[in-house]
Amino acid sequence: MARFISLIAAGVAQGAIAALIALGIVLLHKATGIVNFAQGDLLTLGAYVGYWLIVKHSMPTLPAYLVTLVLVFLVGVAIERVGYAPLRKQPILAVLISTFALALGLRSLIILWQGADDRNLPSPFKSNVWHVAGAAVPYQNILIVIATLVVFAALSWLLQRTAVGRQVRALAADRETALLQGIRVERLSIVMFGLSAALAGLGGLMVAPTLTVTPTLGFPLLLASFAAVVLGGFDRIGGTVAAAFAIAIVQQILGGYVSHSYIEAYPYIILLGSLMIRPEGFVRGVTGVRY
Amino acid sequence: MSATDQTQGESLAGRLAATATANVRDKIIGPRPVVYRRRQREFWLLGAVLLFALPLLTTGIYGLGVARNAMLLSILALGFYFQFALSGQFSLATGAFYATGAFTSAWVSPHGGPAVGFVAAVAVTALLGALVKLLLSRSPLIQFGIATLSFSELVFLVYRNWTQFTGGNLGRFGLQSFKVGGYSFNTSTRHYMLLVGFVLIGVYLLILFERSPAQRDQIFTRDMGAVAKTTGLHTRRLQIVAFALGGAYMGAAGSLFAHTGNFVHPSSFSTEISLEVMIMVLIGGIRSPWGPVVGAIVLTVLPEWLRPIAHYQDLVYAGGILVVILLLPGGIVSLPTVVRARVEPLLAKRRKT
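Which chain is which? The protein sequence lines are X and Y, in order.
Per this note's numbering: the first sequence ends with 864, consecutive numbering throughout.
Per this note's numbering: the second sequence ends with 357, consecutive numbering throughout.
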């Protein structure tokens, strides 16, 4: 039982991280129709900036987190200016590849700045754990889940209750008609690139204490959250979050009870399987939603 | 008004009208695709001479090793060119096909020699490519890219754990070299010559493909899938075939890797290879079969020259890709054409004045 609970707890924490990254991907895809492959390296950047501020410059945790988020937001805006704005009239493929190039550039900048050695970002809760039914759950994992839920709530509010959100939803539902209505995509895409980058940065800050910070921290996490995005149907934030939690919990349980040497493989298998059966995702699409 | 004036006027008007429609046409559906370039066979012979002469520039085993690497990556890049440039499929599974080719060949060759291993590797990777594309044929572009990425991670994971097939942590070593008749390709120079031979065959097949209706079907499917379907093309089948052929090239590269290096290990392959090959094809050029080869050679040799600033290598790559996407969509191989297009009007002006 204790084992089951700790597996579930690990799955929930892992799912929360995947959900944070996936929310950034979905938000950006809704607003611009593209996927930013630099998201994983933005996450790494968030972790490194957090480490640099908190460990190197012994800044208090909360201001350091805020400064990190602002910085990563600005990097996201820079990525939009360099890698997306000049290519808006080119095929999606060109944009995808330019985000790959920017990911590569970002990663090499991180290595130039901090070196390739491992770093450790301490958790604000040290290594304290919460004992529940015989299982030990680190407080950091609880923080991760709370952060994800707060972000999810905030994003839902943003998308459903504000003018910006209405514009994003309109773009996602029917891009051309939305453009004809005079939605200012230029401004919107800058903000959305920044926001989704900040979400990745937050993911980095949250996940760093549970792992070791290395220049390749973000990429595997990005892959795992892609599974959630695809399963969630690419444009539904609720579905994506649910899928992220489901995939991570299934992964932990299969890893704990079936075979541990293939634990990394389960999200990939789920992703490939779902693309074979239902490439449009398992959550109802956006068509038919009233605005 | 004389008769000659009238005909001249007509032809001028006709010419103007023709250019006007051409301009409008270009704006709406893009410039007319080049059917095929002139003097391809002559260029092929020139390329052959240059590639066979390349070892003269290098020194010793190390230089030949770099050259071998460039040729292997060229073959991979040709496969990627097939999938990406001709068929418009964004795949990041190059490394997985490469590994599959290498391990298949290493596994089969003890039972019938490297040649049998090579054939098996090509067949297995082609089938694998067809299977992957068949199962994922309904996935849109981005999803397909993501799916191939996870497919390749999955494949690497399986190869790390499936020790009977890959030899596990020991890898497979003592692999035989290729033999033709009594002649064994068993030294570094001979390895290189063998690889050049395969690169040239690969390029030649692509040139033949470019001159056949098959390429036009591919481009039609790539650029206007839905329209192509209404004209009766089997778009899904065409895409599966292109993906499988690209996979076969990569499998061939894997087999050549195994039998010119005599050693394969699961850690020899990673997603990095897929990204590197993609960068090579983009920087080399996606509009000519020579693009992948030029890109592979440049990006393998350049790091050797850039040793002093090795830290900035990835940064240089990233900048290079952005420059190519923004300013030089045809890659390095299109440089002469682009330069000529810029210079010729200037020369013409000077001649007039």
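Where a beta carbon is used, it is the ideal one built from N, C-alpha and C, also for glycine.
Note that the structure is a prediction, hence the values are computed from the model and not measured.
Proximal chain X residues relative to residue i, where beta-carbon distance stays under 7 Å
i: residue 151 of chain Y; result: 844, 845, 848
i: residue 321 of chain Y; result: 677
i: residue 139 of chain Y; result: 849
i: residue 286 of chain Y; result: 670
i: residue 135 of chain Y; result: Residues of chain X passing the Cβ test: none, with the nearest at roughly 11 Å.
Beta-carbon separation (whole angstroms), residue i vs residue j, contact threshold 8 Å
i: residue 214 of chain Y; j: residue 293 of chain Y; result: 7 Å
i: residue 246 of chain Y; j: residue 86 of chain Y; result: 6 Å
i: residue 319 of chain Y; j: residue 681 of chain X; result: 5 Å
i: residue 102 of chain Y; j: residue 282 of chain Y; result: 13 Å between Cβ atoms; not a contact.
i: residue 296 of chain Y; j: residue 82 of chain Y; result: 5 Å
Simplified DSSP assignment, three categories, for residue i
i: residue 578 of chain X; result: helix
i: residue 602 of chain X; result: helix
i: residue 712 of chain X; result: helix
i: residue 183 of chain Y; result: strand
i: residue 692 of chain X; result: strand
i: residue 268 of chain Y; result: strand
i: residue 757 of chain X; result: coil
i: residue 238 of chain Y; result: coil
i: residue 169 of chain Y; result: helix
i: residue 661 of chain X; result: coil
i: residue 786 of chain X; result: strand
i: residue 281 of chain Y; result: helix
i: residue 213 of chain Y; result: helix
i: residue 680 of chain X; result: helix
i: residue 864 of chain X; result: Below a pLDDT of 50, predicted positions are generally treated as unreliable, and residue 864 of chain X, at 41, falls in that range; no measurement from the model is reported.
i: residue 148 of chain Y; result: helix
i: residue 7 of chain Y; result: Reliability fails at residue 7 of chain Y, whose pLDDT of 41 lies under 50, so the model's placement of it is uncertain and the value that follows must be treated cautiously. In this structure, residue 7 of chain Y counts as helix in the three-state DSSP scheme.
i: residue 177 of chain Y; result: strand
i: residue 704 of chain X; result: strand
i: residue 798 of chain X; result: helix
i: residue 188 of chain Y; result: strand
i: residue 87 of chain Y; result: helix
i: residue 834 of chain X; result: coil
i: residue 328 of chain Y; result: helix
Where residue i meets chain X, residues with beta-carbon distance less than 8 Å
i: residue 165 of chain Y; result: 834, 835
i: residue 244 of chain Y; result: The premise fails here: residue 244 of chain Y is roughly 14 Å from chain X at the closest Cβ pair, so nothing lies under 8 Å.
i: residue 329 of chain Y; result: 660, 663, 667, 670, 671, 674
i: residue 94 of chain Y; result: 666, 669
i: residue 154 of chain Y; result: 796, 799, 800, 840, 841, 844, 845
Proximal chain Y residues relative to residue i, where beta-carbon distance stays under 9 Å
i: residue 803 of chain X; result: 143, 147, 150, 151
i: residue 650 of chain X; result: Per Cβ cutoff of 9 Å: no residues; residue 650 of chain X is ~17 Å from chain Y at best.
i: residue 685 of chain X; result: 315, 316, 319
i: residue 640 of chain X; result: Those within 9 Å of residue 640 of chain X in chain Y number zero; the least Cβ separation is about 25 Å.
Residue i at chain Y interface by Cβ criterion, 9 Å
i: residue 799 of chain X; result: yes
i: residue 725 of chain X; result: no
i: residue 594 of chain X; result: no
i: residue 852 of chain X; result: yes
i: residue 807 of chain X; result: yes
i: residue 682 of chain X; result: yes
i: residue 655 of chain X; result: yes
i: residue 608 of chain X; result: yes
Partners in chain X for residue i, counting only beta-carbon separations shorter than 9 Å
i: residue 157 of chain Y; result: 793, 796, 837, 838, 841
Chain-ordered neighbours of residue i on chain Y, where CB pairs are closer than 8 Å
i: residue 665 of chain X; result: 145, 146
is_contact[residue i, chain X] using C-beta, thresh 9 Å
i: residue 349 of chain Y; result: no
i: residue 222 of chain Y; result: no
i: residue 317 of chain Y; result: yes
i: residue 277 of chain Y; result: no
i: residue 281 of chain Y; result: no
i: residue 358 of chain Y; result: Given that chain Y is displayed from residue 5 to residue 357, the structure contains no residue 358 of chain Y and the question cannot be resolved.
i: residue 310 of chain Y; result: no
i: residue 131 of chain Y; result: no
i: residue 326 of chain Y; result: yes
Interface residues of chain Y facing residue i [CB-CB closer than 7 Å]
i: residue 831 of chain X; result: Chain Y residues near residue 831 of chain X: none, gap ~14 Å exceeds 7 Å.
| query | Should the stretch 705–724 of chain X be called in touch with the stretch 628–647 of chain X, which here means at least 3 C-beta pairs below 8 Å? | reply | With a cut-off of 8 Å, the stretch 628–647 of chain X and the stretch 705–724 of chain X do not count as touching, because too few Cβ pairs lie within range.
| said: Taking contact to mean 3 or more Cβ pairs, one atom from each stretch, closer than 8 Å, check whether the stretch 304–320 of chain Y and the stretch 65–75 of chain Y are in contact. | reply: Yes, the stretch 304–320 of chain Y is in contact with the stretch 65–75 of chain Y.
| task | Assess, as a yes-or-no matter, whether the stretch 801–821 of chain X is touched by the stretch 585–595 of chain X under the definition of 3 or more beta carbon pairs within less than 8 Å. | result | Contact annotation: the stretch 585–595 of chain X touches the stretch 801–821 of chain X, with at least three C-beta pairs closer than 8 Å.
| task | Report yes or no: do the stretch 131–148 of chain Y and the stretch 844–854 of chain X share at least 3 C-beta pairs separated by less than 8 Å? | result | yes
| Three CB pairs or more closer than 8 Å across the stretch 601–619 of chain X and the stretch 667–679 of chain X | yes
| said: I want to know whether the stretch 189–206 of chain Y touches the stretch 256–268 of chain Y - three or more CB-CB distances under 8 Å. | reply: Put simply, the stretch 189–206 of chain Y touches the stretch 256–268 of chain Y. At least three CB pairs are less than 8 Å apart.
| Pairing CB atoms from the stretch 319–339 of chain Y with CB atoms from the stretch 286–300 of chain Y, are three or more of them under 8 Å? | yes
| said: Check whether the stretch 761–781 of chain X and the stretch 612–624 of chain X are in contact - that is, three or more C-beta pairs closer than 8 Å. | reply: yes
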